[in-house]
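A short write-up of the structure that comes next.
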Amino acid sequence: MLLVDRVSRRFGDHPVLDAVSFTISGREKVALVGPNGCGKSTLLRIIAGVETPDGGSVSGEYAGQAARYLPQGVVEADLLVASDSMPWRGALWRLGRSITDGSTVPADEAVARLDAFEQAGGWT
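For our numbering, count along the sequence shown from 1 and bump the result up by 132.
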């Protein structure tokens, strides 16, 4: 279970997250979708314990699971280089790109791809 309760975060005078609350329970699967700059990565960093919110709290079994957080940026290049020697890394990177580009994969197909990846042992 993961409980996000009234999480807020500002960068200077710009509020990125304003009292965000939700609960994810059991084996629910969720997608975090939105335009660039709306706070998706900030929220994930807060959930992973990499960043601290200005207000609110994150609690539950998965709170602070930094080991399950894959940051954007430099890691993508590493995944591309490693994809020849470790095909699952390339598959994970391509899956992430297809989910986040927003224009080519409907949400239900992205969830189906993620399910297939998990069933194939992709996280191990």
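Glycine residues also receive a C-beta, built at the ideal position from the N, C-alpha and C atoms. These figures come from a predicted structure and were not determined experimentally.
Here Ala151 carries a strand assignment [DSSP, helix/strand/coil]. Within the same chain, Ser140 come within 8 Å of Asp150 by CB-CB distance, once the 5 residues on both sides are set aside. Assignment of Asp247 by DSSP, reduced to helix, strand and coil, places it in the helix class.
Of all alpha-carbon atoms in Lys161, Leu176, Phe154 and Thr174, the one lying nearest the alpha-carbon of Ala248 is that of Lys161. For Arg159, the secondary structure class from DSSP, reduced to helix, strand or coil, is coil. When only Cα atoms are considered, Pro185 and Gly171 end up about 12 Å apart.
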